[in-house]
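So the sequence shown is numbered by numbering that gives the first Met the number 0: it starts at 0 and just counts up by one. Ideal Cβ positions, reconstructed from N, Cα and C, are used throughout, including at glycine. Quick caveat: nothing in here was measured; it's all calculated off a predicted structure. Reading through the structure tokens given below for one structure.
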Amino acid sequence: MRWWISGLSQISFPRFVPLSGTRGVGTRTSSSTAAAASTSSKVGRCMHVVIGRATLSPMTTLILNQDEIRGLLPMETCMGLVADALKTLGRGAGQNPLRQGMLFRDGSGLIGMMPGALDEPRTVGLKVVGVFHNNHGTEFDSHQGVVLLQDPDNGLPIGIFDASEITAIRTAAASGVATQALAREEAHELAILGSGVQARTHLEAMCVARDIKKVRVFSKTPARAAAFAELESRRHGVSVVSTKTARQAVEGADIVCTATSSSEPVLFGEWLKSGCHINAAGACVKDARELDTYAVQRARLFTDRRESAENEAGGYLIPLAEGAITEDHLLGELHEVLSGELVGRESPGDITLFESLGIAVEDLVTAHFLLEEGRRKGVGTEVNLGGRADAPL
Numbered sequence: 000m001r002w003w004i005s006g007l008s009q010i011s012f013p014r015f016v017p018l019s020g021t022r023g024v025g026t027r028t029s030s031s032t033a034a035a036a037s038t039s040s041k042v043g044r045c046m047h048v049v050i051g052r053a054t055l056s057p058m059t060t061l062i063l064n065q066d067e068i069r070g071l072l073p074m075e076t077c078m079g080l081v082a083d084a085l086k087t088l089g090r091g092a093g094q095n096p097l098r099q100g101m102l103f104r105d106g107s108g109l110i111g112m113m114p115g116a117l118d119e120p121r122t123v124g125l126k127v128v129g130v131f132h133n134n135h136g137t138e139f140d141s142h143q144g145v146v147l148l149q150d151p152d153n154g155l156p157i158g159i160f161d162a163s164e165i166t167a168i169r170t171a172a173a174s175g176v177a178t179q180a181l182a183r184e185e186a187h188e189l190a191i192l193g194s195g196v197q198a199r200t201h202l203e204a205m206c207v208a209r210d211i212k213k214v215r216v217f218s219k220t221p222a223r224a225a226a227f228a229e230l231e232s233r234r235h236g237v238s239v240v241s242t243k244t245a246r247q248a249v250e251g252a253d254i255v256c257t258a259t260s261s262s263e264p265v266l267f268g269e270w271l272k273s274g275c276h277i278n279a280a281g282a283c284v285k286d287a288r289e290l291d292t293y294a295v296q297r298a299r300l301f302t303d304r305r306e307s308a309e310n311e312a313g314g315y316l317i318p319l320a321e322g323a324i325t326e327d328h329l330l331g332e333l334h335e336v337l338s339g340e341l342v343g344r345e346s347p348g349d350i351t352l353f354e355s356l357g358i359a360v361e362d363l364v365t366a367h368f369l370l371e372e373g374r375r376k377g378v379g380t381e382v383n384l385g386g387r388a389d390a391p392l
């Protein structure tokens, strides 16, 4: 679960420098004119893009589904995008307000909004996504929604993308970036707590970040853990085995990823090997946590966004409220380690912890890449939603 509910706050977007070129600018074209323009590359000042058989205006909206996103977005590529977005936000060239949302009255889930903007690449948009607890154990991901991109000059919707797959990949990509920055180079043994979508993508990211040779997975549903181990062993060509207990998975591991829906600790500090690295990617609300207090006390703690951690991260806030740690136990943001402003690992014996909240700029930079890559490769469906001031009544 990746949401925290706060009150509404005022959001202001940056003043953008006008785009060069003519995207989204020029002569407005009626549907009949656009159809007749298939033999021309231009209508007035409005450039046209050929997608499959159709000739479409750049004012159209590209729609990408889950399978199309998966085919366009390699994990290693997404890791690079996320790292760049965090560094861009860190130097003040972007906006990332706290997420806002609404809990369903029956307790079955929530729906939330994550707006944001980046100066490089110039991107503005919003993720609207719900967490539906009743989807656990069904064919559907618990996270359902869309990522919307808008033209930063005129607000026209230019991309609508499945949020389930973007969330699955970019969340693991952020953990992969953290692992590259914080884990020991000789980290080869991985433990994963959880056997769902995030467990799958985290295994992929860890195999990019380090030379993983052995994997142990635990799930509260043993049959799912066994199926995960069999499938992922074949997929990655590494040894993946399921364990009867979480402790058996974690003890001796160089890297531990928690990817569960639990609101109570599933990882305990006494299990942790000296020198290990932890990615905590499951519980991201202020009253839930996957790590016990001792695990947090033992670790050098970093996060993707300090403001988010101070409002959303139960893994940090609960030990803080207990008096077990102080505010300075949160050493800083991941971008500070990437840029060399902070030291991540001071010694081989350090335990490092990345508290992943998942923030909007990670979604938006990923969606921006998908927009460009989809149009370059002719993947997806383009529609014209309109938005014209002179639309007929």
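message: For Ser-163, which residues in the same chain have their Cβ closer than 7 Å to its Cβ, ignoring the five residues on either side in sequence?
response: Gln-65, Asp-140, His-142, Gln-143
message: By the DSSP assignment, the alpha helix (DSSP H) with His-334 in it spans what residues?
response: 333 to 337
- prompt: Quick one: is Arg-374 buried, meaning 16 or more other Cβ sit within 10 Å of its Cβ, or exposed?
  reply: buried
- prompt: Do the CB positions of Gly-274 and Thr-257 come within less than 9 Å of each other?
  reply: no
- prompt: From which residue to which residue does the beta strand (DSSP E) around Ala-116 run?
  reply: 108 to 118
message: Quick check: Met-78 and Gln-179, are their CB atoms within less than 9 Å of each other?
response: yes
Inter-residue Cα distance where the pair is Thr-220 and Thr-200: 19 Å
task: Report the three-state DSSP secondary structure of Pro-156 (helix, strand or coil).
output: strand
message: Considering just the uninterrupted stretch of the beta strand (DSSP E) at Leu-189, what are its terminal residues?
response: 188 to 192
field: Gly-251 beta carbon less than 9 Å from that of Glu-188
entry: yes
Residue interval of the beta strand (DSSP E) (run including Asn-133): First-last for Asn-133: undefined, no H or E at that position.
message: Once DSSP output is grouped into helix, strand and coil, what is the label at Ala-245?
response: helix
field: Same chain, Cβ closer than 7 Å to Val-255, neighbours up to 5 away in sequence not counted
entry: Ala-190, Val-249, Leu-266, Cys-275, Ile-277
- prompt: DSSP on Ala-226, reduced to helix/strand/coil?
  reply: helix
- request: Could you work out which residue in Gly-377, Ala-366, Gly-175 is closest to Asp-303 when comparing CA atoms only?
  value: Gly-175
query: In whole angstroms, what separates the C-alpha of Phe-301 from that of Asp-327?
result: 11 Å
- request: Could you check the C-alpha separation between Lys-126 and Leu-109 for me, to the nearest Å?
  value: 14 Å
task: Please classify Cys-256: does DSSP put it in a helix, a strand, or coil?
output: strand
task: State buried or exposed for Ala-224, treating a residue as buried only when at least 16 other CB atoms are found within 10 Å of its CB.
output: buried
query: Got a sec, what are the start and stop residues for the alpha helix (DSSP H) Met-74 sits in?
result: 74 to 89
field: Under the three-state DSSP convention, the category Ile-68 falls into
entry: helix
- request: Note the first and the last residue of the continuous alpha helix (DSSP H) segment covering His-328.
  value: Segment: none, His-328 is in no alpha helix (DSSP H) and carries neither H nor E.
query: Among the residues of its own chain, which have a CB less than 8 Å from the CB of Glu-289, if the five just before and after it don't count?
result: Leu-192, Thr-257, Thr-259, Ser-261, Pro-264, Val-265, Leu-266, Ala-279, Gly-281, Ala-282, Gly-314
- request: May I ask you to report which of helix, strand or coil DSSP gives Ser-174?
  value: helix
- prompt: When DSSP labels each residue in this structure, what does Val-295 get in the three-state scheme?
  reply: helix
message: Since Ala-173 and Val-81 should fall inside the 8 Å C-beta cutoff, what is the C-beta to C-beta distance between them, to a whole number of angstroms?
response: 5 Å
query: Taking the DSSP output, what are the residues bridged to Val-123?
result: Ala-116, Gln-149
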